[in-house]
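Participant: Be aware that the sequence shown starts at -10, since it is given in our numbering, and climbs by one per residue.
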Amino acid sequence: LRRGEAGVAIATAEHLLAIDEALLRRGLDAGELRSSAQLRSVDAHDALDAFMNEHGPDEARFDAFAAGLLGEASAAFPAVRVFGETTALLVRRGSVEQADRVEGLWSRLRARRSCTLSCAYPIALFADEVPGNTYSRYSN
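1. Is the stretch 46 to 60 touching the stretch 9 to 25 in the sense that three or more CB pairs, one from each, lie closer than 8 Å?
2. Within a Cβ cutoff of 8 Å, which residues of the same chain sit near E48, ignoring the five residues on either side of it in sequence?
3. If contact is defined by three or more beta carbon pairs under 8 Å, each pair taking one atom from either stretch, is the stretch 4 to 15 in contact with the stretch 35 to 49?
4. DSSP state of L28, grouped into three classes?
5. Quick check on DSSP: helix, strand or coil for A55?
6. Since R23 and V(-3) are thought to touch, with beta carbons under 8 Å apart, how far apart are those beta carbons, to the nearest angstrom?
7. Can you pull the DSSP bridge partners for L106?
8. Relative to the alpha-carbon of A109, which residue among A26, R81, A62 and F66 has its alpha-carbon at the smallest distance?
9. Quick one: Cα of T105 to Cα of A77, how far?
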């Protein structure tokens, strides 16, 4: 953010608050960053509601959701960095296949739009995983 890039945080309410607090400790006001459209914060549960349907992630709804989040930032800032927790929420619910589909949608989006994506997964979700399973797919 200090380099003039935009940030998009799609996280749980608890983590959005932690992000705001971390920014404040670094002398940045999250409210001001949001006012200038340099920072967008979206609750991860609300994000899932925006692009999921009864069968899982809906590609058209995802594209509309992502376009709304990234459009303004991409036009106004040289780079956009996205932090997301939607797939972690899906894995936590036991919806690994849906999480894979959402990861695929983000990968497809990144091929069309310039943005950096970082996803967060609590390591406890993968305590019983072995190489080649979910954790290995997401850690590349």
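Don't be surprised by glycine CBs; every beta carbon is placed ideally from N, CA and C. Everything numeric in this text was worked out from a predicted model, so none of it was measured.
Facilitator: Walking through what the data contain:
1. no
2. L94
3. The stretch 35 to 49 vs the stretch 4 to 15: no contact.
4. strand
5. helix
6. Wrong, their Cβ atoms sit about 11 Å apart, outside the cutoff.
7. By DSSP's assignment, L106 forms a beta bridge with V71.
8. R81
9. 18 Å
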